Every structure is written in C-alpha cells, then in structure tokens.
Amino acid sequence: MSYVKVNQFAKSFGDVDVFKDIDFSIEKGEFITLLGPSGCGKSTLLRCIAGLDNVDLGTLLVEGENITDLAPQQREIGMVFQSYALFPNMTVEDNVAFGLKMNGFSKSKSRLEAKKMIDLVELAGKEKFYPRELSGGQRQRVALARALVVRPRILLLDEPLSALDAKIRKSLRQQILNIQKELNLTTIFVTHDQEEAMLLSDRIFLMSKGSIVQQGKPEDIYTKPANEFVASFMGHYN
Ligand code: ADP
Ligand code: MG
104 MSYVKVNQFA
114 KSFGDVDVFK
124 DIDFSIEKGE
134 FITLLGPSGC
144 GKSTLLRCIA
154 GLDNVDLGTL
164 LVEGENITDL
174 APQQREIGMV
184 FQSYALFPNM
194 TVEDNVAFGL
204 KMNGFSKSKS
214 RLEAKKMIDL
224 VELAGKEKFY
234 PRELSGGQRQ
244 RVALARALVV
254 RPRILLLDEP
264 LSALDAKIRK
274 SLRQQILNIQ
284 KELNLTTIFV
294 THDQEEAMLL
304 SDRIFLMSKG
314 SIVQQGKPED
324 IYTKPANEFV
334 ASFMGHYN
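Quick note on numbering: my numbering labels position 7 of the sequence shown as 110, and the sequence is numbered without any gaps.
See the structure below:
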C-alpha cells in the first residue's frame, strides 16, 4: 500500500476543467515535484490535496485512510505558499506556534515545539522578530517552520522559491532538501522550473493542461520523454 494515493481527481471552476483523471501514488519519504507551465493546474491540485479547495470527483488516501472530505486542519498536511502568508502582526515564534495553539496545545508546549522548528530552519535568535524585519528567504523559512511544527504527514510546497533571488533560492533549495531527508518527509513540491525539478526530485510528475502527462525519475523524464510536449518542456527538440 502506498503512503499517499490520489484516485481520479477532477476539478472545474464553472465551465473550465482545471484538471481531470489525476492518478498517482507516493511512497513515504519521497520527494515529488509537480512540474509544469503556468496555468496548468498545479496550485489548484495542491490546494485540493490540502483541503483548501474541494475536488468534484476522486479520492485522496493517506496511509489507507480516505481523507477526501476532511477539513484542512484535520488532514495533517502542511503547506507553504510562494508569498509566505505569515501573520504580519505576530513574531516569528507566534507565527510558528500558531497551528499548535489552534490544535489546543498549551502555551509552553507550543513554544517548545516552535523553538525546535525555528532551530531546524536555522533561525535561532530571530524568535522575537516580526516578518517585516526579515529577508524574503528568512520569511520563507518561518513559513516552512510553521508548516512543519504540526508534524505533517505530507508537506506541500507551492513555488516556495519563486519570489527569491537566485542566490537565496539555491541555498533555501538545499536547506529544504536537507530537512526533507532528515525528517523523511513525504513532500510534493510545485514548480515551473525544470532545473529545480531535476535537482530535487525522487520523481517528477509533469503536468500539462490539467493532466499529468508523465511520471518518473528525473533522468527518465529527461532522456525518455513520453511525448513532444515533455521533450520540449524538458529542453529537447526533435
Ligand atoms: P498553476 O498553479 O499551474 O499556474 P492554477 O492551479 O493556479 O495553475 O490555475 C489553473 C487554472 O485554473 C487557470 O486557468 C486558472 O485561471 C484557473 N483557476 C484557478 N483558480 C481559480 C478560481 N478560484 N476560479 C476560477 N478559475 C481558477
Ligand atoms: Mg501556481
């Protein structure tokens, strides 16, 4: 049995099909990149996995449990967005502890767990800072700590590096990978950047116009593209 299983996911907004016939399985600890051009449905698919949007059809199983209809906070899924989405009027510590307090943890337990995650993302010493006092890369590390503090079964990352400049992007990319390996976190990372996908992923799910057109190891997608779209998107021209 796979750790995560998506069966026949479909979603439309009005007359527009955003995605359909989405099927995949993910093993515990795998780093999956959902790769594809802008507008192909990546963010909506991620939001449906997180429960922030509802699918019209299909099921999501985690460890065999059907969580398709659970509220987001009941799913044990963490998500990081491109635009940080931190609370501007809360300190780093309070931003990170927020999810725990919502789940009824005591103040002292929340603070302790938050501190562990702040250390993990290498922001020790910044606990009392506000988001506006941090760089983009630091803010994104706060967002990562906030997603991890509830010990999610799945981590979803929606273009978390896109707003950052090249140098920060590389170092945060490596940091995400290190943490993912250390925690053996089952991760779905969304990007439109082939290089990121090639460097980070155990497997790539390549998406086009609402369908996953190929799933496989980076080298297989690159050397054995399933069709012309994959070939040209990955940089081959036949
Ligand atoms: P990606 O993340 O790959 O760029 P999105 O999931 O954001 O793609 O969007 C996929 C398609 O769904 C786009 O055509 C977009 O305009 C449409 N879409 C996304 N969210 C909504 C919404 N809330 N209402 C209507 N259309 C939407
Ligand atoms: Mg998107």
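Don't be surprised by glycine CBs; every beta carbon is placed ideally from N, CA and C. Note that the coordinates shown come from a computational prediction; the quantities given were computed from them, not determined experimentally.
- Distance from the C-beta of Val-183 to the nearest heavy atom of the ligand ADP is not below 7 Å.
- The DSSP assignment places complete alpha helix (DSSP H) segments of no fewer than 4 residues inside the region 108-161 at 145-153, in order along the chain.
- Within the region 265-299, the runs of beta strand (DSSP E) that reach at least 3 residues and sit entirely inside it are, in chain order, 289-294.
- If you look at Met-182, you'll find it in the beta strand (DSSP E) that goes 180-183.
- For Gly-142, the Cβ falls inside the 7 Å cut-off from some heavy atom of the ligand ADP.
- Looking only at Ala-329, Glu-285 and Ala-188, the smallest Cα-Cα distance to Ala-266 is reached by Ala-188.
- By the criterion of a C-beta distance shorter than 7 Å, Phe-332 is surrounded in its chain by Ser-311 and Val-316, once the five residues flanking it on both sides are discounted.
- Boundaries of the alpha helix (DSSP H) harbouring Met-205: 195-205, taken from the DSSP string.
- By the Cβ-count criterion, Phe-184 is buried, with 16 or more other Cβ atoms from all chains shown falling within 10 Å of its own Cβ.
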